[in-house]
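**Q** Using UniProt numbering, the letters of the sequence shown map in sequence onto residues 1 to 439.
Ideal Cβ placement from N, Cα and C applies to all residues, glycine included.
Below is one structure. I have some questions about it.
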Amino acid sequence: MLDIQKKLKKLPDAPGVYLFYNSKKELIYVGKATSLRSRVRSYFRGARSSRPIEQMMHEVVDIKVEVTDSVLEAIILEGKYIKEKQPKYNVDWRDDKSWNYLVVTKDKFPKVLVVRQHELDGDSSSARASLGMTKNGARSHLTLALPSGRGRKNVFGPYPGLNTAATLKILRSLFLYSTCSPGQTRPCFYRQIGLCLGVCDGGITPAEYRQKVINPLKLFLSGQKKSLLRSLNTKMVQASRVENFEEAGRLRNQIKALNRIQDIALLNKSFTIDPSGQSGEMRIEGYDISNLGATGKVGSMVVFKGGVPSKTDYRKFNIKTVVGQSDVDCLKEVLSRRLKHSEWPMPAVFLIDGGVPQVNAVKSVLNNLKIDIPVVGIAKGAKRKRNDLVVVGTNAKIQDMPVPKWAQKNLEVLIKVRDEAHRFAIKFQREKRKIKDNK
């Protein structure tokens, strides 16, 4: 256990996978994380979130981690370990309904689909798989031929709790795979915005499509990003030499995108409070105060789940106890009233529109109630042209807390929460003013 404690102190604040081993040196569990430091340490804090986790931790005698460049790559690496090693507790805890696979079909122009475990285990060589949401909100399905047999090379995963919509969106932006039908008279919507290479209107042949899209995608899903980057770089140089500058530019952009994968939307599946992954999508609560002079003060609470607004969970607060225009005191009141609602789920993060004073105010309320949840403040910087992050995790003072990488990496989604809290507060303020003016 002493060796584990030493390893815990050296864990990186970076995305990746963590591996737990028993006394027989068997891999018994593998998990993914946005911050390996936060996630792995959460298992060793004494209080267990469930009996199965407590049972597993009694067996753990060694831990290892592998750092990845992004959450998406951590998800892929986790799936590779589960498939190859079948860790005891991953298998015991699995829910077949939540174990998804990515499948590349056998079509002339292969499709990329999300397929559930039971569909792969069936005898049929075809499956009804989801293609995602259509523009009118309906879910689109296709029944397509899937690779069959135990040695399937075009099936990737499993990916426990995969955020399918976000993952497919990211993969599409990286590899431009097609969801359209060939032989159309007009280019599809994605062709027009540069996310389709021309399957729809004959702009690319099946052989070219496999070479430019499918083969690189399969290499990436196999966890061979470095090999893929070397291959793409070689092809880019070759294209430049023969003055095919359009193709060289496409490859250059793809290399840049692979090196800077924006996987903000995957935050909810990779940074959860319950290490078993049973807590569902990550909940972020955002707060803001709006006032018109010393009267008419209101507070807003917005909720994001999985990176998207959950508007049924939004709440409005009329400030009742604060005299004057102190945003800090207003925040204290709003948070104190919110925390009296034990029926509302607790968030993974409290997001505040404000800087050090506001974050300190919220943290003081949490500390008084012995609630240990990270607080993030986003304040406008000089001339309101940049966003300054203020983060405090545990009971440490703010000046002792460097901004964690997960917060820096996911600044965009945090800003979205902040902006939505601001919008909702102003809307509530205007509604109150309108009612008052009409009296």
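Using 10 angstroms around the beta-carbon of valine 359, count the other beta-carbons present and answer buried if the total reaches 16, otherwise exposed.
**A** Position 359 of the sequence shown, counted from the start, is the residue given in the question as residue 359. Burial call: buried.
**Q** Would valine 65 pass as a contact of glycine 16 if the rule is Cβ separation under 7 Å?
**A** Locating residue 65 in the sequence shown gives position 65, where the first residue counts as 1. Locating residue 16 in the sequence shown gives position 16, where the first residue counts as 1. Yes, they are a contact pair.
**Q** I'd like to know if the segment 52-66 and the segment 16-29 are in contact, where contact means that at least 3 CB-CB pairs between them fall below 8 Å.
**A** yes
**Q** Using the Cβ count rule (16 or more neighbours within 10 Å means buried), how would you classify glutamine 192?
**A** The residue given as residue 192 occupies position 192 in the sequence shown. Exposed, because fewer than 16 other Cβ atoms sit within 10 Å of the Cβ of glutamine 192.
**Q** Consult DSSP for methionine 346 and reduce its assignment to one of helix, strand or coil.
**A** Taking the sequence shown and counting its residues from 1, the one referred to as residue 346 is at position 346. Coil, per DSSP.
**Q** When you compare the CB positions of valine 155 and valine 91, do they come within less than 7 Å of one another, or not?
**A** Your numbering for residue 155 matches position 155 in the sequence shown. Your numbering for residue 91 matches position 91 in the sequence shown. Taking 7 Å as the Cβ cut-off, valine 155 and valine 91 do not qualify as a contacting pair.
**Q** Please state the DSSP three-state secondary structure of glutamate 243.
**A** Within the sequence shown, the letter at position 243 stands for residue 243. Reduced to three states, the DSSP call for glutamate 243 is coil.
**Q** Three-state secondary structure (DSSP) at asparagine 154?
**A** Locating residue 154 in the sequence shown gives position 154, counting from the first residue. It is coil, neither helix nor strand.
**Q** Have a look at glutamate 285 and threonine 185 and give me their C-alpha separation to the nearest angstrom.
**A** Against the sequence shown, residue 285 aligns to sequence position 285. Against the sequence shown, residue 185 aligns to sequence position 185. Here the alpha carbon of glutamate 285 sits roughly 47 Å from the alpha carbon of threonine 185.
**Q** So the alpha helix (DSSP H) arginine 337 belongs to, where does it begin and stop?
**A** As a first step, residue 337 must be located in the sequence shown, where it is residue number 337. Unbroken alpha helix (DSSP H) run through arginine 337: 327-338.
**Q** In whole angstroms, what is the alpha-carbon distance linking proline 374 and lysine 363?
**A** For the purposes of this step, residue 374 is identified with residue 374 of the sequence shown, where counting begins at 1. For the purposes of this step, residue 363 is identified with residue 363 of the sequence shown, where counting begins at 1. Approximately 9 Å between the Cα atoms of the pair.
**Q** Using DSSP's beta-bridge definition, name the partner residues of tyrosine 287.
**A** Here the question's residue 287 lines up with position 287 in the sequence shown. Note: tyrosine 287 sits in a beta bridge opposite Met301 and Ile352.
**Q** So, for arginine 210: in the same chain, excluding its five sequence neighbours on each side, which residues have a beta-carbon less than 8 Å away from its beta-carbon?
**A** Counted from its first residue, the sequence shown places residue 210 at position 210. For arginine 210, where only same-chain residues beyond five positions count, the Cβ hits under 8 Å are Pro110.
**Q** Need the endpoints of the beta strand (DSSP E) that alanine 33 sits in, please.
**A** Numbered from 1 along the sequence shown, position 33 holds the residue referred to as residue 33. 27-33 is the extent of the beta strand (DSSP E) around alanine 33.
**Q** Compare the beta carbon distance of leucine 197 and leucine 228 with 7 Å and say whether it is the shorter of the two.
**A** As a first step, residue 197 is located in the sequence shown; it is residue number 197 there, counting from the start. As a first step, residue 228 is located in the sequence shown; it is residue number 228 there, counting from the start. Cβ atoms of leucine 197 and leucine 228: not closer than 7 Å.
**Q** Could you have a look at aspartate 13 and say whether DSSP puts it in helix, strand or coil?
**A** Residue 13 sits at position 13 when you count from the first residue of the sequence shown. Aspartate 13 falls in the coil class under three-state DSSP.
**Q** Can you round the beta-carbon distance between isoleucine 261 and alanine 425 to whole angstroms, since I take them to be within the 8 Å contact cut?
**A** Position 261 of the sequence shown holds residue 261. Position 425 of the sequence shown holds residue 425. The Cβ separation is near 33 Å, so there is no contact.
**Q** Mapping DSSP to helix, strand and coil, what is residue 440?
**A** With the chain running from 1 to 439 in the structure shown, residue 440 is simply not present.
**Q** Hey, out of Tyr89, Ile170, Glu343 and Thr234, whose CA is closest to methionine 56's CA?
**A** Numbered from 1 along the sequence shown, position 56 holds the residue referred to as residue 56. Nearest option by C-alpha distance: Tyr89.
**Q** If you follow the alpha helix (DSSP H) that tyrosine 81 is in, where does it begin and where does it stop?
**A** As a first step, residue 81 must be located in the sequence shown, where it is residue number 81. Membership of tyrosine 81 in the alpha helix (DSSP H) is indicated by the continuous run 71-85.
**Q** Does the beta-carbon distance from valine 417 to phenylalanine 304 come in below 7 Å?
**A** Indexing the sequence shown from 1 puts residue 417 at position 417. Indexing the sequence shown from 1 puts residue 304 at position 304. Against a cut-off of 7 Å, the Cβ pair of phenylalanine 304 and valine 417 comes out as a contact.
**Q** Sorted by chain position, which residues of the same chain lie with C-beta nearer than 8 Å to lysine 10's C-beta, five sequence neighbours on each side aside?
**A** One-based indexing of the sequence shown puts residue 10 at position 10. Within the same chain, lysine 10 has no close Cβ partners at all.
**Q** Using only the alpha-carbon positions, how far apart do aspartate 329 and glutamine 429 sit?
**A** For the purposes of this step, residue 329 is identified with residue 329 of the sequence shown, where counting begins at 1. For the purposes of this step, residue 429 is identified with residue 429 of the sequence shown, where counting begins at 1. If I take the Cα positions, the gap works out to 18 Å.
**Q** Would you mind giving the Cβ-Cβ distance between glycine 299 and valine 334, rounded to the nearest angstrom? I have them listed as a contact below 8 Å.
**A** Translated into positions along the sequence shown, residue 299 becomes position 299. Translated into positions along the sequence shown, residue 334 becomes position 334. Taking C-beta atoms under 8 Å as the contact rule, glycine 299 and valine 334 qualify, at a distance of about 4 Å.
**Q** Between the alpha carbons of tyrosine 81 and cysteine 200, how many angstroms are there, rounded?
**A** Counting from 1 along the sequence shown, the entry for residue 81 is found at position 81. Counting from 1 along the sequence shown, the entry for residue 200 is found at position 200. The alpha-carbon atoms of tyrosine 81 and cysteine 200 are separated by roughly 37 Å.
**Q** Quick check on proline 187: does DSSP put it in helix, strand or coil?
**A** Locating residue 187 in the sequence shown gives position 187, counting from the first residue. Residue state, collapsed to three classes: coil.
**Q** Quick one, which of Tyr43, Gly203, Ala361 and Thr105 has its alpha-carbon nearest isoleucine 4's?
**A** Counting from 1 along the sequence shown, the entry for residue 4 is found at position 4. Ranking Tyr43, Gly203, Ala361 and Thr105 by Cα distance to isoleucine 4 puts Tyr43 first.
**Q** In this structure, what does DSSP give as the bridge partners for glutamate 66?
**A** The residue labelled residue 66 in the question sits at position 66 within the sequence shown. Bridge partners of glutamate 66: Val17.
**Q** Which word fits arginine 433, buried or exposed, when buried means at least 16 other C-beta atoms lie within 10 angstroms of its C-beta?
**A** Against the sequence shown, residue 433 aligns to sequence position 433. With a threshold of 16 other beta carbon atoms within 10 Å, arginine 433 falls short and is exposed.
**Q** Is isoleucine 435 helix, strand or coil when you go by DSSP?
**A** Counting from 1 along the sequence shown, the entry for residue 435 is found at position 435. When secondary structure is reduced to three states using DSSP, isoleucine 435 falls in the helix class.
**Q** Skipping 5 residues on each side, what residues in its chain have a beta carbon closer than 8 Å to that of glycine 149?
**A** Translated into positions along the sequence shown, residue 149 becomes position 149. Model confidence at glycine 149 stands at a pLDDT of 46, short of 50, so the residue's coordinates are unreliable; what they give is reported in the following sentence. Result list for glycine 149: empty, nothing under 8 Å.
**Q** In this structure, how does DSSP classify valine 376 when only helix, strand and coil are distinguished?
**A** As a position in the sequence shown, residue 376 is number 376, starting the count at 1. Three-state DSSP puts valine 376 in a strand.
**Q** For asparagine 253, does the count of other Cβ atoms within 10 angstroms reach 16, so buried, or fall short, so exposed?
**A** Translated into the one-based positions of the sequence shown, residue 253 becomes position 253. Answer is exposed; the Cβ neighbour count stays below 16.
**Q** Since leucine 331 and leucine 414 should fall inside the 8 Å C-beta cutoff, what is the C-beta to C-beta distance between them, to a whole number of angstroms?
**A** For the purposes of this step, residue 331 is taken as the residue at position 331 of the sequence shown. For the purposes of this step, residue 414 is taken as the residue at position 414 of the sequence shown. At roughly 17 Å, the Cβ-Cβ gap does not stay under 8 Å, so leucine 331 and leucine 414 are not in contact.
**Q** Near lysine 7, what residues of its chain come up, given a Cβ to Cβ distance below 7 Å and the 5 sequence neighbours on each side ignored?
**A** Here residue 7 corresponds to residue number 7 of the sequence shown, with the count starting at 1. Only Ile63 meet the Cβ criterion.
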